[in-house]
Amino acid sequence: MEGETKKELKKQKKEEKQKRYLEKAEKTKTAGKKQTAKPKNEGNKEEQIAEELARMSLSAEKQPCVEHVAEYHPMLVEHGWYETWCRRGYFKPEYNYEERVKNGVFYLPIPPPNVTGALHLGHTVMASIQDVLVRWRRMQQKVVVYLPGCDHAGIATQAVVEKKIHREEGLTAQQLGREEFLKRAWDYKAQYGGRIYEQLKRLGVSVDWDREVFTLDRGMSAAVTEAFVRLFKEGLLKREERLVNWCGKLKTTLSDLEVVSAEIEPAQKMSVWENGKKTACVFGLLFSVAYKIENTDREIVVDTTRPETLFGDVAVAVNPGDDRYKTLVGAMLHHPLTGKKIPVIADEYVDIAFGTGALKITPGHDPNDYQIGKRHGLPMVSILDEDNRLNGLCGEFCGLGRYEARAKVVRHLEKSGCLRGTRPHKTTLPVCSRSGDVIEPRLIPQWWLDCKQMAADAMDAVVSGQLEIIPAEYKKTWFNWLRNIQDWCVSRQLWWGHRIPVYCVHVGGVPTEKWLAETSLERATLEAQRQFPSSPPESITAVQDEDVLDTWFSSGLWPFATLGWPENTLDLQRFYPAALLETGSDILFFWAARMVMLGMHFTGEVPFKKLFLHSIVRDAAGRKMSKSLGNVIDPLHVIEGATLARLEETLGAGNLPKEEVETAKKNQRKEFPNGIPQCGTDALRIGLVSYITTNCTAINLDTNRIVTYKRFGNKVWNVFRYVLSKIDDGFVYRKPQHSLSLPEKWILSCLSLAAKKTSAFLEAFDFIHAVESVYEFWMYQLCDVFVETTKPCLPQKSVSSPLLDTLFFCLEQGLKLLHPFMPFITEELYQQLRKYNSALDESITVSEYPAEAEEFAFDRAEFGCVISVARQIRSLAVKEQKKPVCVRIKTRKENIGTIESQETALMALVRGMRSVLVEGCEEESVEILPAE
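Position 737, counted from 1, in the sequence shown is what numbering that gives the first Met the number 0 calls 736; the numbers after and before it change by one each time, with no gaps.
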C-alpha cells in the first residue's frame, strides 16, 4: 500500500508539473510584451523551454536552437517556422513559376472541412498524406497548387447555430425569421470559422492561404448558380414529388450520408423527438393487424412496426407464388381504421417466409412500398406533416405526434378487435446523424438531377484510363454504385446554403406550374413575362424557391470552381485538371463520384487524373472510434500531450449523456492510464502516414507508434549535436569530392538507394514503405553504423575534414528525404547546416528532393560483410553474456582483406572490442576469446 501511495503521489506531482508547464508555455505564446531570457536552469526543463519560447518570440525571424538546446523538444522546434514559410511565399504556385513549370504542375484540391468543425483524426490523416505528397512534389521543383477551403456544411452548421440560439435565447429559427437567422449564422462563421484553419496550420499543411475559398463566397456562389441553371436548361433537373428522408426536427430532407442505421433490440426504450421535445418511446415491437376480406368472414393479418402509418395503407401485397393467398389476389379488404376498401395485390418483392407472408403497402412512407406502388399504379398517400404530426387524412388522430398516435392507434385496434398480437422484434431505425431524430420517409416535391449519362461518363473515364482509382479494389464499388445510380435529390429545406436559383412564375399573385432557372431575379422576371405574353407584364412576378441546394452539389464543383470557373481564368487554364484527389474512402460516392460527374459534364475533362482513397481510422484494437467508448483521440492531445485528468475533462465538456461519460472514462483509464505523452506535430504526421498503403485495410492507430517517432526525432536531433561538437568556427562543408573510404562509399550508396526507393514508394502511394526507407537510412545506416565509424576518426574540433564533408552531406540529403514527413525538425536542422554552406537553398521547403545518384553506385556488399560480422559479435556477446574484448573471426578468404582493413570501423561498431583475429574459412563464424 505504501508503494502504491508513493506511486500515486509521484504521478500526481508529475501531472501538476506538466500542467504548470502547459500554462506557462501558453502564457508565453500569448504575451504581448517583451520578455528577457533568463539564465538556464538545468534542473528545470519546463522553465528552460518557456524561456526559450519567450526568446524566440522576440525575434522577427525564426532561428534554429539545436546548438544551445540539448534535448529535442517539439514545441520549440515547431515554433515559428510555419509563419516564416508563409511570409516568404513558398506555398504559392507563383514561387519561381517560370523555372518550376518546366517540371510540370501538381494540383491537389483539399477536401474542404466543415466551417464549424474542429480538427479530428480523419482530418489529420488526410492532411498528413496530402502534405507529404505536396511537399515532395514541391521539392521535385514542380509548380504546386494546394488550395485551402471550408465547406459551409448546410445541415451541420444550421443545426449548430439553431442549438446555440435556443440555448442562449430560447428561440427557434422560425421565430427569428430567415434574414435574422442568416445574420446569426454568418456571425457564428466569423467567430468560429477560422478554428479549423488554425489547426491545419498547426499540422504544417503547406497550402496557399491567399487562394482560400469558402463555399458561400461570391465566386463559388456564382459557379453554383451557373451550374444549376445550365443543368435545368439542359432538361436534367426536374421538380417531382418523390419519397425522401425527412428529419422532422431540422425540417429538411437529408442525403443518405446524413442518415445512420441504429440497431434496435427487441422492446428497446429510446429517447426521441416528439412535439418539440424529447420523449421516451418503446421500439422493437411487431404489431399484427387484421384486415377483413370483403363479403367473407376471413381476414389477412399483416405485421408492422409502425401502426401509425396504417392511415397511409393503399393495398396489401402477397407473393404470387404463395399458395395461401393465390385465390385472394384481387379481393378487397376493409381498412381497420378508416373502413375504406383496399385491394390485395401480388408482387415478387414480398417475402413468403417473413411473418404472415402479407405486407401492408404504404407508398407515401416506405421506400420499398413506394416502388411497389409505382409498379402497380397505386395512389401515393402522405399522412404526416413537416413536424411528423398526423394530418387531416387521419380523422380524430389529426395533430398527434407520430409516437403519441402509435399508442392511440394500437388501443383503437384492440378495442375494435383488429389487433392480433404484439411481440418483441429486433430491427433497425434510420436516424438523423445531426439531430438524432428518427427519419421519416416523406412524399414531397423536390428538385431531382438526372445523373444517368454523367454516371456513364464517369464509368468510361475509369475504363479508358483517364481516371485511375487507387486502391484498385475500389473500382468494383465505383462501378456498382454508378451502374445503379438513382436521380439525385439536390434540394434541402434549410436557410443556410446556396438558395436554389429557380423561380415560380406568379400571374396576378397566383402561382403557376411554371418554373424558371435564371442567374438573377431580374432575368427570371423578364423571362416569365416573355413566356406569358397574353398577361399584362405588371401582373407577372417571379418568386424564388425557398429551398437551398444540397451541400454536396457545391462541393461537387470544388476542383474547378475554386480556380474561377465558369470564367476562363488564368488559374483554370494553367492548373486544371488536378493531378490527384486524396480523400477518405467513406465519401467515394457522395463527393468523389459527383465531382467526376459534374467535372466531366461542365469542363469536358476529369477533374483529377488520380483518386487515392485512404481507409478510416480505428483504435489499436480495431474498434471504430466513438466518444461513448472513450477511444476518440484528439490530435492536439497527441501534439501537446494530455494527462488522464485532461482527457476526462474533455469528455465531460462534450454532449454525451452522463451514463455514457462514465463508461467512456472507464475505457479511457484502461486505454491511456498515464494520459498521452507530448509527441509534437512531426511525430504525429509521420506516425499516421506510416499506416497508409494501397490496400483497403483500416488504420488501427496505436499512440505508441507516434511516441516511437518522437524518439526518432530525438535521435536525429542528437546526431546533429554530435556533428556540431566536431566542428570549429569557420568550418565550411562541401559535397564530398575526395577519395572515399569504404564506409563512406557504403553510406553514400545507401543514401542513393534510399532516395530512389522513397520516391518510387511515394509515386505508388505506398507510404508505409516510403517511411520505412527513410527511417532505415537514418536509424540503421547513418546513426547506427556510419556515425559510429566516424567517432574514432574525427578530432574534437575541426575547420576542415573530408570525413565531415561526407557526414554533413548525408545529413543534408537525409533531412531532405525526411522533410515531407517531418517538416519542422528538418527545417530547424537544415537552417543550422546553412551556417556552414551558404550555397544551400534558403529553405529546405523549396530545395531539391534527393534522387538516385550514379556517382554513388558503389557495391554495398563489401562493407556490408563488416556490418554483418559486427552484428554477429554483438549477438554472441549477449547470448554468452561475455564482453567481446578479443574476437576471432572466421570468414571467406575474399573477405579477409576487407575486414582487416576495416578493423577500426569494426571496433567502433562493437563496443569494448580491443583486438581481432581474422582467419580464412569456408564456414563463417565468430568466437569471443578470453581477454589477454
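We treat Cβ as the ideally placed atom computed from N, Cα and C, and that holds for glycine.
No experiment lies behind these values; they were computed from the predicted model shown.
Buried or exposed: where does ASP727 fall if 16 or more other Cβ atoms within 10 Å of its Cβ makes it buried? In the sequence shown, residue 727 corresponds to position 728, counting from 1. A residue is called buried when at least 16 other Cβ atoms come within 10 angstroms of its Cβ; ASP727 does not meet this threshold and is exposed.
Hey, how far is the Cα of PRO672 from the Cα of LYS665? Taking the first residue of the sequence shown as 1, we reach residue 672 at position 673. Taking the first residue of the sequence shown as 1, we reach residue 665 at position 666. PRO672 and LYS665: Cα-Cα distance of roughly 10 Å.
Using a 10 Å radius around the Cβ and a threshold of 16 neighbouring Cβ atoms, would you call TYR402 buried or exposed? Within the sequence shown, numbered from 1, the residue matching residue 402 stands at position 403. The residue in question, TYR402, is buried, as its Cβ has 16 or more Cβ neighbours within 10 Å.
If we ignore side chains and look at the alpha-carbon of each, how far apart do LEU249 and ALA155 end up? The residue you call residue 249 lines up with position 250 of the sequence shown. The residue you call residue 155 lines up with position 156 of the sequence shown. The alpha-carbon of LEU249 is positioned some 10 Å away from that of ALA155.
Round the Cβ separation of LEU448 and LEU700 to the nearest angstrom and send it over; I've been treating them as touching at under 8 Å. Translated into the one-based positions of the sequence shown, residue 448 becomes position 449. Translated into the one-based positions of the sequence shown, residue 700 becomes position 701. For LEU448 against LEU700, the beta-carbon gap comes to about 38 Å, at or over 8 Å, which does not count as contact.
Check each candidate in GLY563, GLY116, PRO112 and HIS119 and name the one with the smallest Cα separation from GLY148. Position 149 of the sequence shown, counting from 1, holds the residue named residue 148. The residue with the shortest Cα to Cα distance from GLY148 is PRO112.
CB LEU336 to CB HIS424, shorter than 8 Å? Taking the sequence shown and counting its residues from 1, the one referred to as residue 336 is at position 337. Taking the sequence shown and counting its residues from 1, the one referred to as residue 424 is at position 425. For LEU336 and HIS424, no; Cβs fall outside 8 Å.
In whole angstroms, what is the alpha-carbon distance linking LEU520 and PRO444? Within the sequence shown, the letter at position 521 stands for residue 520. Within the sequence shown, the letter at position 445 stands for residue 444. LEU520 and PRO444: Cα-Cα distance of roughly 22 Å.
Of the residues PRO429, ARG704 and GLU512, which one's Cα is nearest the Cα of ASP618? Taking the sequence shown and counting its residues from 1, the one referred to as residue 618 is at position 619. By alpha-carbon distance to ASP618, the top candidate from PRO429, ARG704 and GLU512 is ARG704.
To the nearest angstrom, how far is it from the Cα of ASP459 to the Cα of VAL65? In the sequence shown, counting from the first residue as 1, residue 459 sits at position 460. In the sequence shown, counting from the first residue as 1, residue 65 sits at position 66. ASP459 and VAL65: Cα-Cα distance of roughly 55 Å.
Segment contact flag, the stretch 816–824 with the stretch 678–685, C-beta cutoff 8 Å, min 3 pairs: Yes: at least three Cβ pairs fall under 8 Å.
Alpha helix (DSSP H) segment containing VAL718, residue limits: In the sequence shown, counting from the first residue as 1, residue 718 sits at position 719. Run containing VAL718: 702–723, per the alpha helix (DSSP H) assignment.
Residues that PRO423 bridges to, as DSSP identifies them: Position 424 of the sequence shown, counting from 1, holds the residue named residue 423. DSSP links PRO423 through a beta bridge to LEU284.
Quick one: grab the DSSP three-state call for MET0. In the sequence shown, residue 0 corresponds to position 1, counting from 1. Note that MET0 scores 42 on pLDDT, short of 50, meaning its location in the model is unreliable; the coordinates nonetheless yield the value given after this. Residue state, collapsed to three classes: coil.
Rounded C-alpha distance that separates ASP321 from ALA357: Mapped onto the sequence shown, residue 321 falls at position 322. Mapped onto the sequence shown, residue 357 falls at position 358. When the Cα atoms are used, ASP321 and ALA357 turn out to be separated by approximately 10 Å.
Taking the C-alpha atoms as reference points, what is the distance between LYS291 and GLU307? The residue given as residue 291 occupies position 292 in the sequence shown. The residue given as residue 307 occupies position 308 in the sequence shown. The alpha-carbon atoms of LYS291 and GLU307 are separated by roughly 19 Å.
Spatial neighbours of VAL770 within its chain, please: C-beta separation below 7 Å, excluding the five flanking residues on both sides. Translated into the one-based positions of the sequence shown, residue 770 becomes position 771. Shown here for VAL770: same chain residues with a beta carbon closer than 7 Å to its own, the five before and five after excluded, namely ILE685, VAL688, SER689 and PHE820 in chain order.
Compare the beta carbon distance of VAL884 and MET906 with 8 Å and say whether it is the shorter of the two. Stepping through the sequence shown from its first residue, residue 884 is reached at position 885. Stepping through the sequence shown from its first residue, residue 906 is reached at position 907. Not closer than 8 Å, so no.
Identify every residue that forms a DSSP beta bridge with TRP514. As a working note, residue 514 is residue 515 in the sequence shown. TRP514 pairs with CYS503.
Going by alpha carbons, who is nearest to THR421 out of TRP480, THR524, ARG498 and VAL301? Locating residue 421 in the sequence shown gives position 422, counting from the first residue. Of the candidates TRP480, THR524, ARG498 and VAL301, the one whose C-alpha sits nearest the C-alpha of THR421 is VAL301.
Closest to ALA454 by C-alpha separation, out of VAL349, TYR369, ALA591 and GLU545, would be which residue? Counting from 1 along the sequence shown, the entry for residue 454 is found at position 455. Comparing Cα positions, the closest option is ALA591.
Straight-line gap, LYS32 to GLU51 (C-alpha atoms, nearest Å): Position 33 of the sequence shown, counting from 1, holds the residue named residue 32. Position 52 of the sequence shown, counting from 1, holds the residue named residue 51. Confidence at LYS32 is low in this model, with a pLDDT of 35, below 50, so its placement is unreliable and no value can be given for it.
What residue range does the beta strand (DSSP E) around ASP302 cover? Position 303 of the sequence shown, counted from the first residue, corresponds to residue 302. Residues 298–303.
Own chain partners of HIS933 with C-beta closer than 6 Å, once the 5 adjacent residues on each side are dropped: With the chain covering 0 to 931 only, the question about residue 933 has no answer from this structure.
By Cβ distance, which residues of its chain are closer than 6 Å to SER914, with the 5 residues on each side in sequence left out? Here residue 914 is taken as the residue at index 915 of the sequence shown, counted from 1. Take SER914, set aside five residues on each side of it, and the residues of its chain with a beta-carbon closer than 6 Å to its own are CYS885, in chain order.
So, do the stretch 523–534 and the stretch 562–570 have three or more beta carbon pairs nearer to each other than 8 Å? Verdict: no, contact absent.
Taking Cβ positions only, does CYS397 come closer than 8 Å to chain D? No chain D appears in this structure, which consists of one protein chain only.
If we require 4 or more residues per run, which alpha helix (DSSP H) segments fall completely within the stretch 327–409? Listed in chain order, the complete alpha helix (DSSP H) runs (minimum 4 residues) inside the stretch 327–409 are 366–375.
Collapsed DSSP secondary structure at GLU926 in the structure displayed: The sequence position of residue 926 within the sequence shown is 927, counting from 1. The answer is strand: DSSP assigns GLU926 an E or B state.
How should HIS613 be labelled, buried or exposed, when 16 other C-beta atoms within 10 angstroms of its C-beta is the threshold for buried? Mapped onto the sequence shown, residue 613 falls at position 614. Its Cβ being crowded by 16 or more others within 10 Å, HIS613 is buried.
Local Cβ density within 10 Å of VAL462, reported as buried at 16 or more and exposed below that: Translated into positions along the sequence shown, residue 462 becomes position 463. Around the beta carbon of VAL462, fewer than 16 other beta carbons sit within 10 angstroms, so the residue counts as exposed.
If you reduce the DSSP assignment to three classes, tell me which class GLN445 lands in. Taking the first residue of the sequence shown as position 1, residue 445 is located at position 446. Correct three-state label for GLN445: strand.
Through-space distance from TRP716 to GLU70, alpha-carbon basis: Within the sequence shown, the letter at position 71 stands for residue 70. Within the sequence shown, the letter at position 717 stands for residue 716. Spanning the two alpha carbons is a distance of roughly 7 Å.
Coil, strand or helix - TRP208 by DSSP: The count along the sequence shown starts at 1 and reaches residue 208 at position 209. Three-state DSSP puts TRP208 in a helix.
Option nearest VAL595 by Cα separation, candidates TRP185, GLY583, LEU610 and SER415: Position 596 of the sequence shown, counting from 1, holds the residue named residue 595. Residue LEU610 is the option with its Cα nearest to VAL595.
Between the C-alpha atoms of LEU761 and VAL917, what's the straight-line distance to the nearest angstrom? By 1-based counting over the sequence shown, the position of residue 761 is 762. By 1-based counting over the sequence shown, the position of residue 917 is 918. When rounded, the distance between both Cα atoms is 43 Å.
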